[in-house]
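**Student:** By the UniProt record's numbering, the letter at position 289 of the sequence shown is numbered 289, and the numbering carries on one by one without gaps.
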Amino acid sequence: MPHRLRHLYGSLKERWQTVSQNPTGQKVIKVFRWVVVGAIASYLVYQLSELGWRKLWTSLPTTPAFYILLVLMYVTLPVTEAVIYGKAWEVSSRKLLPVLFRKRVLNNDVLGYSGEAYFFLWMQRNSQIERRRLLTTIKDNMIISSVASTSVAFLLLAAFFLSGQVQLLEQYLPDATSTLAAAVAIIIVVVAVGLAFRRAIFSLSASLLGVFALGHLARFVFNNGFQVTQWALVIPEVPLGTWITLLSLYIIINQVPLIPARGLFFVTASVELAGTLEVPAAAVASMLLAQNLIDRGLNFLVYIGTTAAEATGSEPTPDDETAIPEEIR
1 MPHRLRHLYG SLKERWQTVS QNPTGQKVIK VFRWVVVGAI ASYLVYQLSE
51 LGWRKLWTSL PTTPAFYILL VLMYVTLPVT EAVIYGKAWE VSSRKLLPVL
101 FRKRVLNNDV LGYSGEAYFF LWMQRNSQIE RRRLLTTIKD NMIISSVAST
151 SVAFLLLAAF FLSGQVQLLE QYLPDATSTL AAAVAIIIVV VAVGLAFRRA
201 IFSLSASLLG VFALGHLARF VFNNGFQVTQ WALVIPEVPL GTWITLLSLY
251 IIINQVPLIP ARGLFFVTAS VELAGTLEVP AAAVASMLLA QNLIDRGLNF
301 LVYIGTTAAE ATGSEPTPDD ETAIPEEIR
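1. Can you say whether PHE300 is buried or exposed, counting buried as having 16 or more other CB atoms within 10 angstroms of its CB?
2. Residues in the same chain with beta-carbon distance under 7 Å from ARG131, minus the five sequence neighbours each way, listed in chain order, please.
3. Pick from ALA290, VAL302, VAL75, VAL279: whose alpha carbon is nearest that of LEU240?
4. Pick from ILE304, LEU277, GLN291: whose alpha carbon is nearest that of THR62?
5. Are the segment 208 to 220 and the segment 259 to 277 touching by the rule of at least three beta carbon pairs closer than 8 Å?
6. Would you report the Cα separation of VAL228 and THR24, rounded to the nearest angstrom?
7. Is there contact here, the segment 219 to 233 with the segment 243 to 252, by at least three beta-carbon pairs under 8 Å?
8. How would you write the range of the alpha helix (DSSP H) that GLU81 sits in, first residue to last?
9. Whole angstroms is fine: what's the gap from ILE294's alpha carbon to TYR67's?
10. Throw me the rounded Cβ distance for the LEU111 and ALA82 pair, which I believe falls under 8 Å.
11. If distances are taken between C-alpha atoms only, which option among GLY215, GLU237, TRP243 comes closest to GLY225?
12. Determine the direct distance from the alpha carbon of GLU90 to that of GLN269, and round the result to whole angstroms.
13. Pull up the CB-CB distance for ILE84 and GLY215, whole angstroms please, since I reckon it's below 8 Å.
14. May I have the straight-line CA-CA distance separating GLU327 from MET287, to the nearest angstrom?
15. So, for TRP122: in the same chain, excluding its five sequence neighbours on each side, which residues have a beta-carbon less than 6 Å away from its beta-carbon?
16. Taking the alpha carbon of VAL136 as the point to measure from, which residue in GLU237, LEU69, THR80, GLU116 has its own alpha carbon closest?
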């Protein structure tokens with residue numbers, strides 16, 4: 001069975017590489033991506049037009065806390081990964097921050113995991129760290145991040161099913177007890193498989209993997225807490241359970257790879273669910289649209305700013321700490 005899975009994975013990977021490296025295939029992928037983005041954007045414009053643009057404008061968030069929390073959520077991933085990679089490679093975390101901000105932009109606005117590819121190539125050019133060490137560390141971080149986010153998502157859903165607060169999803173899923181049991185069982189299985197096949201799956205030491213896991217778990221808990229707090233501050237009359245339901249949708253969308261324009265997709269889905277969740281659609285649309293537009297604006301400024309800094313030589317790189325001293329070359 002494992003041999004068949006490896007063969008299937010290898011076959012699919014080979015076909016994907018053939019298509020993605022072919023000029024015609026690249027054009028088809030690009031056209032398909034823009035068609036999907038265009039369809040999402042068009043449907044969102046239709047939804048917003050139905051709500052009324054004036055109503056959307058008057059519903060924009062006015063509390064400063066909304067924007068402060070937005071910035072905090074924006075920086076948590078690059079800061080967490082800067083600490084993680086800095087410890088793994090014994091380089092300055094501060095010097096990794098600019099490229100990790102660009103990695104975030106590429107993953108969000110271009111294509112899922114394109115940021116990791118860019119980060120790997122950047123580290124190859126700007127450090128003396130061995131290629132294999134770069135690859136294995138980035139790969140292990142991606143796996144740990146995915147497992148941590150999935151675990152937090154399942155525990156979050158299970159906890160609120162148990163408390164009876166997720167009204168929307170209860171119509172379609174089993175009772176709270178079985179949901180909690182399933183969530184715990186899945187997490188146990190994932191941990192057990194990870195421990196049993198750690199040497200085959202991971203390349204880093206157990207202590208480093210533990211640091212990675214704690215960092216990502218803390219990041220997901222804080223980010224999800226910030227997100228719910230942000231929404232609750234803007235529309236305080238909505239019950240907490242409703243925001244948890246919306247957060248669950250947000251987590252699910254963010255866990256699916258290769259979705260273009262995740263932010264627009266989430267806004268579209270949230271407006272569609274507003275009636276079912278019994279929340280003011282215009283206020284939700286304005287809040288989420290403002291969040292998405294500001295995030296895009298920050299992405300543009302961060303990418304242009306850090307790229308310009310690197311081009312002028314004012315952006316720090318890990319070279320000084322990872323280069324081989326001249327006297328022992």
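Virtual Cβ for every residue (Gly too), placed ideally from N, Cα, C.
**Tutor:** Result, derived from the coordinates:
1. Looking at its Cβ environment, which holds fewer than 16 other Cβ atoms inside 10 Å, PHE300 is exposed.
2. The residues are GLN124.
3. Taking each of ALA290, VAL302, VAL75, VAL279 in turn and checking the Cα distance to LEU240, the smallest one comes out for VAL279.
4. If we check each option's Cα against that of THR62, GLN291 comes out closest.
5. Taking 8 Å as the limit for Cβ pairs, the verdict is that the segment 259 to 277 does not touch the segment 208 to 220.
6. Rounded to the nearest whole angstrom, the C-alpha separation of VAL228 and THR24 is 44 Å.
7. The answer is yes - the segment 243 to 252 touches the segment 219 to 233, with three or more Cβ pairs under 8 Å.
8. GLU81 -> alpha helix (DSSP H) spans 64 to 89.
9. Using only the alpha carbons, I get a separation of about 9 Å.
10. No, LEU111 and ALA82 are not in contact; Cβ-Cβ is about 22 Å, not under 8 Å.
11. When the alpha-carbon of GLY225 is set against those of GLY215, GLU237, TRP243, the nearest one is in TRP243.
12. Checking the sequence, you will find Ala at residue 269 rather than Gln. If I take the Cα positions, the gap works out to 42 Å.
13. About 5 Å; that satisfies the 8 Å criterion.
14. Below a pLDDT of 50, predicted positions are generally treated as unreliable, and GLU327, at 34, falls in that range; the measurement from the model is reported next regardless. Those two C-alpha atoms are separated by around 58 Å.
15. Closer than 6 Å at Cβ, skipping near neighbours: VAL99.
16. Note on residue identity: the sequence assigns Thr, not Val, to residue 136. Of GLU237, LEU69, THR80, GLU116, the smallest CA-CA separation from THR136 is found for GLU116.
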